[in-house]
Amino acid sequence: MKTEYRLYRRLALVTFFLAISYFAISQIRVRDEIEFPDIPGYLTLKCDFHMHTVFSDGNVWPTVRPEEAWREGLDAISITDHIEYQPHKEDLPTNHNRSYEIALPKSEELGLLLITGAEI
Numbered sequence: 002m003k004t005e006y007r008l009y010r011r012l013a014l015v016t017f018f019l020a021i022s023y024f025a026i027s028q029i030r031v032r033d034e035i036e037f038p039d040i041p042g043y044l045t046l047k048c049d050f051h052m053h054t055v056f057s058d059g060n061v062w063p064t065v066r067p068e069e070a071w072r073e074g075l076d077a078i079s080i081t082d083h084i085e086y087q088p089h090k091e092d093l094p095t096n097h098n099r100s101y102e103i104a105l106p107k108s109e110e111l112g113l114l115l116i117t118g119a120e121i
């Protein structure tokens with residue numbers, strides 16, 4: 002009985018430490034760098050100018066888009082939620098600038114240029 006208890010206790014401790022290790026590793030942010038040569042006299046930026054959030058037909062909160070863009074090695078993004086098509090309008094109020102306002106602090110934190118946009 003005592004041996005079983007020790008075995009379960011050790012198993013629980015190993016499981017606990019594995020879980021903590023997994024969560025610690027999952028929080029590490031890694032940025033993939035995309036390399037393009039600059040044209041003399043110009044700075045080349047990697048950009049995505051077509052993104053949607055829950056304020057349109059996307060499925061993610063606006064702060065997720067800057068995180069994704071940063072991890073993918075982008076320098077600038079534009080969240081371009083639809084103006085006419087809003088499938089979540091009963092759940093989220095219509096404010097065409099709200100996704101930009103929510104994403105801006107995260108973009109600034111990551112050093113990412115966020116450009117106001119809309120899909121019409």
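Residues in the sequence shown are numbered consecutively from 2, following our numbering.
Backbone N, C-alpha and C fix where the C-beta goes; we use that ideal spot for every residue, glycine too.
Quick caveat: nothing in here was measured; it's all calculated off a predicted structure.
To the nearest whole angstrom, what separates the beta carbons of Asp39 and Leu75, a pair I think is in contact under 8 Å? For the purposes of this step, residue 39 is taken as the residue at position 38 of the sequence shown. For the purposes of this step, residue 75 is taken as the residue at position 74 of the sequence shown. Not a contact, Cβ separation roughly 16 Å.
If you run the structure through DSSP and keep just helix, strand and coil, what is Ser100? In the sequence shown, residue 100 corresponds to position 99, counting from 1. Residue state, collapsed to three classes: helix.
Starting from the C-beta of Leu8, find all residues in its chain whose C-beta is less than 7 Å away, skip the five residues before and the five after it, and write them out in chain order. If you number the sequence shown from 1, residue 8 lands on position 7. Excluding residues within five positions, none has a Cβ falling inside 7 Å.
Under the rule that 16 or more other beta-carbon atoms within 10 Å means buried, what is Tyr86, buried or exposed? On the sequence shown, residue 86 is found 85 positions in, with the first residue counted as 1. Around the C-beta of Tyr86, fewer than 16 other C-beta atoms lie within 10 Å, and the residue is accordingly described as exposed.
Taking Cβ to Cβ, would you say Ile116 is nearer than 8 Å to Ile84? As a working note, residue 116 is residue 115 in the sequence shown. As a working note, residue 84 is residue 83 in the sequence shown. Not a contact, by the Cβ cut-off of 8 Å.
Cutoff 8 Å; reference Trp62; Cβ partners in own chain excluding five residues on either side: The residue you call residue 62 lines up with position 61 of the sequence shown. If we look at Trp62 and ignore the five residues flanking it on each side, its Cβ neighbours are Thr54, Val55 and Ile103.
Can you pull the DSSP bridge partners for Ser79? Here residue 79 refers to the residue found at position 78 of the sequence shown. For Ser79, which the question treats as bridged, DSSP gives the partners Ile116.
Measuring only the C-alpha atoms, how far is Pro94 from Asp82? Residue 94 sits at position 93 when you count from the first residue of the sequence shown. Residue 82 sits at position 81 when you count from the first residue of the sequence shown. Whole-angstrom Cα-Cα distance: 13 Å.
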